[in-house]
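Written out below as structure tokens is the structure these notes cover.
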Amino acid sequence: MFGKTIFKIKGLNIEKNLNILSKDYAIYDIERKEKNITTFTVDFRYHKKIKKALLKFGYEIVEEKNQGFLAYFSKIFGNFGVIFAFLLAIVLYFVQSPYIWQYEILGEENLSKTEIVDFVKENFSSNKNNIDPSDIENALYSNFEEISFVSCIIKGQTLIINIKEKLMPEEIYGDFKPIYSLYDGKVTEINIISGTAEVSVGDYVQKGDILVRPYYLDSSGNMQQVEADAEIKLEVYHTAEITHFDTRIEVQRTGNYEILDEVQLFGLTIYSNGENPNYSNFESVVEYENLTDNNILPFKLKRTTFYELQEVTINETFEEVSEKIIAQAREKTLENCGSYDTIVDEFYTLKHFTEATTVSYVIVEERIQTNN
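Here's what the structure looks like:
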């Protein structure tokens, strides 16, 4: 079936008159909602004739829903405004498609994206037919001495410029810099290669504190600048907390859901199979799917799934779920830990309140820091 119409009618003697209509038209999914309310489904091609007959029988048409392929195109091409927008979209697509509307710069560290984009805009056309990516590559390489390699591609209406910068001498960035702590923690070992230690083993440091300064004192007591180079081991503390309430209200899905499909063109909805549900509380999940490939018109299907939510009161003491809550606190703490760091200790503490318990989990890691 290419389309269907669902009627909801109100009146008496419905079975008798539906039997009369069924002699000429296929009628199915008949369902009596109330004594004088009935819903049924018919082929979309005959919905106008059936509607005319229902009105002739004296029934009140409470609701009429058209669904399917034929209903969709009948709605579009029966609306002159939509047809005009459709044709206008085609014209605009062909008018703007040869031009670059977006510039994407990848790989830059010290260079300014704005400076690169401005240079390209000033020296090259935005018309894709008049652009040779190799010309842009040569121009960027010649005019920016910081660039050691550059490649350009045009993808759709985006010019993508991928660059690699030269490794510049350390002197360009000023005097030698000290080594700053990257973490909050306790110093457990220091191996100085060059420079002067600012902290000792056993000291507690905060992120940003100076660990090693970039100088040393020669035999005459004079200060000599050098690159700060060292290996410092620290014990880093990671902490996370989870509070459990013995009585709490949680929002959960009821299991009911509805799906809303929308066909979009250039971000505008040109067809929808329904409306938002009448749930008092819900969450929605949106997915997009391209309807056509290798087509001049980028039709997209926007599918929104609405899940009905309800508030549920949970009565659960901490003792009943203590292992689960402690495990959750540990997992939350591990999120802040490095993949290759060594865990040297871990522990947790409990704080009990009226109808609530807070778990504080601590993981101690050993981290090695060298030059920043």
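As numbered in this note's numbering, residues 20 to 391 make up the sequence shown, in order. Glycine included, C-beta positions come from ideal geometry on N, C-alpha and C.
Measuring alpha carbon to alpha carbon, tell me which residue in the options is nearest residue i.
{"i": "L125", "options": "L369, I198, T177 and C356", "result": "T177"}
{"i": "T323", "options": "N295, V245, T336 and L287", "result": "N295"}
{"i": "I251", "options": "I229, Q244 and R272", "result": "I229"}
{"i": "I211", "options": "T24, E83 and Q388", "result": "Q388"}
{"i": "I69", "options": "L159, K27 and G87", "result": "K27"}
{"i": "T58", "options": "L320, L353, E184 and E83", "result": "E83"}
{"i": "F285", "options": "N181, K319, N297 and Y307", "result": "K319"}
{"i": "W120", "options": "R272, E79, K174 and D154", "result": "K174"}
{"i": "V220", "options": "K226, G227 and I209", "result": "I209"}
{"i": "M242", "options": "T215, G227 and Y223", "result": "T215"}
{"i": "V139", "options": "L130, N148, N149 and A158", "result": "A158"}
{"i": "T336", "options": "E354, Y307, T266 and Y276", "result": "T266"}
{"i": "D280", "options": "K321, G87 and I180", "result": "K321"}
{"i": "F63", "options": "I179, G87 and Y276", "result": "G87"}
{"i": "R349", "options": "F372, N334, F325 and T377", "result": "T377"}
{"i": "R272", "options": "T311, F264 and S299", "result": "S299"}
{"i": "F264", "options": "N275, I333, Y199 and F366", "result": "I333"}
{"i": "N162", "options": "I135, Q283 and G227", "result": "I135"}
{"i": "K42", "options": "V61, K351, T361 and E53", "result": "V61"}
{"i": "V304", "options": "E269, N297, E374 and F325", "result": "F325"}
{"i": "F195", "options": "V218, E53, Q244 and S239", "result": "Q244"}
{"i": "V270", "options": "T361, K351 and E302", "result": "E302"}
How far does the beta strand (DSSP E) with residue i in it extend, from its first residue to its last?
{"i": "R272", "result": "T266 to L284"}
{"i": "D154", "result": "Premise fails: D154 lies in the alpha helix (DSSP H), P152 to N162, not in any beta strand (DSSP E)."}
{"i": "N375", "result": "Reading off the sequence, residue 375 comes out as Ala, not Asn. Element bounds for A375: A375 to Q388."}
{"i": "C171", "result": "I166 to K174"}
{"i": "K183", "result": "T177 to E184"}
{"i": "F372", "result": "T361 to F372"}
{"i": "K27", "result": "G22 to K29"}
{"i": "E327", "result": "F318 to N334"}
{"i": "T311", "result": "Run containing T311: none; DSSP gives neither H nor E here."}
{"i": "L287", "result": "L287 to S291"}
{"i": "I124", "result": "Q121 to L125"}
{"i": "E208", "result": "G204 to S213"}
{"i": "V245", "result": "Taken as a continuous stretch (DSSP letters only), V245 belongs to no beta strand (DSSP E), as it is neither H nor E."}
{"i": "Y235", "result": "Y234 to L236"}
Which first and last residues belong to the alpha helix (DSSP H) in which residue i is found?
{"i": "V136", "result": "K132 to N142"}
{"i": "F337", "result": "F337 to L353"}
Examine chain B for any beta-carbon lying closer than 8 Å to the beta-carbon of residue i, and answer yes or no.
{"i": "Y118", "result": "The structure shown has no chain B; it contains just one protein chain."}
Just confirm the distance between the C-beta atoms of residue i and residue j, as a whole number of angstroms; I'd bet it's less than 8 Å.
{"i": "Y118", "j": "N146", "result": "6 Å"}
{"i": "E165", "j": "S213", "result": "The Cβ separation is near 28 Å, so there is no contact."}
{"i": "L40", "j": "N55", "result": "Contact flag wrong, Cβ pair sits at about 17 Å."}
{"i": "P197", "j": "V224", "result": "Not confirmed; about 13 Å, so no contact."}
{"i": "K29", "j": "Y78", "result": "7 Å"}
{"i": "I179", "j": "V169", "result": "In fact, because the Cβ distance is near 11 Å, the residues do not count as touching under 8 Å."}
{"i": "E338", "j": "V363", "result": "E338 to V363, Cβ: 30 Å. No contact."}
{"i": "E184", "j": "S200", "result": "Rounded, the Cβ-Cβ distance is 28 Å, inconsistent with contact."}
Run the proximity test for residue i: is its beta-carbon closer than 7 Å to any non-hydrogen atom belonging to the ligand NAD?
{"i": "I173", "result": "The ligand NAD is absent from the structure shown, which contains no ligands of any kind."}
Evaluate contact between the region 367-386 and the region 247-262, counting only Cβ atoms and requiring at least three cross-stretch pairs below 8 Å.
Contact between the region 367-386 and the region 247-262 is present: three or more C-beta pairs spanning the two stretches fall below 8 Å.
- Item | Cβ contact check for the region 64-76 and the region 29-49: 3 or more pairs under 8 Å | Yes: at least three Cβ pairs fall under 8 Å.
Continuous beta strand (DSSP E) assignments of at least 3 residues falling wholly in the region 41-79:
As summarised for the region 41-79, the continuous beta strand (DSSP E) elements at least 3 residues long and confined to that stretch are 46-53 and 56-62, given in chain order.
| query | With contact counted as at least three CB pairs below 8 Å, one residue from each stretch, are the region 319-330 and the region 229-236 in contact? | reply | Not touching, per the Cβ criterion.
Exercise for review: Say whether the region 205-213 touches the region 248-257, bearing in mind that this needs 3 or more beta-carbon pairs closer than 8 Å, one atom from each stretch.
Suggested key: Between the region 205-213 and the region 248-257 there are three or more inter-stretch CB-CB distances shorter than 8 Å, so the stretches are counted as touching.
On the three-pair Cβ rule with 8 Å, is the region 330-350 touching the region 281-291? No, because fewer than three Cβ pairs between the region 330-350 and the region 281-291 fall closer than 8 Å, the two stretches do not touch.
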